[in-house]
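One structure is given here, and the rest of the page talks about it.
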Amino acid sequence: MSKVYRSHRTVSVEGRTRKIGIRSFELPQEIGNEETLSLDAVLAERDRLLETANHSIAQEKAAIERMRQTATDDIAAMQAAWVEEKRALEQQAYEEGFQAGFTEGREKALADMASSVELANETTELSYKNANKYLNSQERVILDLAIRSAERIIGKMIEENEDTYLDIVRRALKEARESKEVKLYVSLDYYGLVSDNRAELASIFPPDIPFLIFANDDFEATECIIETNRGRIVVSVDEQLNELREKLVEIMESGD
104 MSKVYRSHRT
114 VSVEGRTRKI
124 GIRSFELPQE
134 IGNEETLSLD
144 AVLAERDRLL
154 ETANHSIAQE
164 KAAIERMRQT
174 ATDDIAAMQA
184 AWVEEKRALE
194 QQAYEEGFQA
204 GFTEGREKAL
214 ADMASSVELA
224 NETTELSYKN
234 ANKYLNSQER
244 VILDLAIRSA
254 ERIIGKMIEE
264 NEDTYLDIVR
274 RALKEARESK
284 EVKLYVSLDY
294 YGLVSDNRAE
304 LASIFPPDIP
314 FLIFANDDFE
324 ATECIIETNR
334 GRIVVSVDEQ
344 LNELREKLVE
354 IMESGD
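Using the working numbering, read the sequence shown as starting at 104 and increasing by one per residue.
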């Protein structure tokens, strides 16, 4: 049974090595609009998580607003109390002739009021800063959760419809259409499926191009390697997830 040395995507040409880029392998039309279905599903999950985070932030902001309103009400109450106290102090000072007592009481009330205002402002500012930090930290958490959702989505799609895996292989083979010979290595899990569809896959190439299929028992279930005279292409679901991650990062950084 053939064994395949696993490596990064590289091509060896006349003693030199160059990298081959793997483009997006779209999903089959029956499942959705190519790659759009998986990306749309991930974006829907991202939107759900964002909605949850935004709801939490809205609740926190509402709590902050209640704190601010409470502080404002306390200040207003203190001001009203000070007006009454001022009148009482004025009357007392007038009656007793102790202006010093009036001045001392007024200064104490003003100092207490200023301290309450400063505390309310500091509390409000700190709460808003904490809310913003929470939102920023949630963005990365949401991205990781979306990628995990993508893993489940793609894995479930392959389990429910083997054509999904076959389509990934088919689109990878199209990258090698200009080669003079093509060897396809797949896992034991999908060797039967790929072999049953050999005629269709072989039609991707001209009739005179040798197209061989091999099984490798060291491969993970969805792992696949294409060897040609021009180099080697590594194909796996991870490639799809990596591209989804890049797209999600772009979307989140752009604020869309």
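Virtual Cβ for every residue (Gly too), placed ideally from N, Cα, C. Values in this document were obtained by computation on a predicted structure and should not be read as measured data.
Tell me which residues share the same chain as residue i and place their Cβ nearer than 6 Å to its Cβ, disregarding the 5 neighbours each side in the sequence.
i      : result
Thr331 : Ala279, Ser282 and Val285
Tyr294 : Ala318
Ala180 : none
Val338 : Ala275 and Cys327
Thr173 : none
Asn136 : Residue confidence for Asn136 is low, a pLDDT of 46 falling below 50, so the modelled location carries little weight and cannot support an answer.
Phe322 : Ser290
According to DSSP, simplified to helix, strand and coil, what is residue i?
i      : result
Thr331 : strand
Lys164 : helix
Ile271 : helix
Lys277 : helix
Asp177 : helix
Asp311 : coil
Glu265 : coil
Ser298 : helix
Ser306 : coil
Ser282 : coil
Glu154 : helix
Val148 : Per the sequence presented here, residue 148 reads as Glu, with Val not at that position. Reduced to three states, the DSSP call for Glu148 is helix.
Glu323 : coil
Glu349 : helix
Ile125 : Its pLDDT being 37, under 50, Ile125 is placed unreliably in this model, and the value from its coordinates should be taken loosely. It is coil, neither helix nor strand.
Pro131 : Low per-residue confidence applies at Pro131: pLDDT is 42, beneath 50, and the placement is therefore not dependable, though the value from the model is reported in the following sentence. Pro131: coil per DSSP, three-state reduction.
Leu140 : Residue confidence is low: Leu140 scores 48 on pLDDT, short of 50, so the model does not pin down where it sits. Its coordinate-derived value is still stated next. Correct three-state label for Leu140: helix.
Return yes when the Cβ of residue j is within less than 8 Å of the Cβ of residue i, no when it is not.
i      : j      : result
Asp320 : Leu291 : yes
Tyr288 : Phe308 : no
Ile329 : Leu276 : yes
Leu304 : Arg335 : no
Kindly identify the DSSP beta-bridge partner or partners of residue i.
i      : result
Tyr288 : Phe317 and Ile328
Ile336 : Ile329
By Cβ distance below 8 Å, which residues in the same chain neighbour residue i in space, the five residues on each side in sequence not counted?
i      : result
Arg301 : Phe314 and Ile316
Val297 : Leu269, Val272, Leu287, Val289, Leu304 and Ile316
Ala324 : Ser290, Asp292 and Tyr293
Using a Cβ-Cβ cutoff of less than 7 Å, which residues in the same chain neighbour residue i once the five nearest sequence positions on both sides are dropped?
i      : result
Asp150 : none
Leu154 : This sequence places Glu at residue 154; Leu is not what is there. Same-chain partners within the cutoff: there are none.
Asp176 : none
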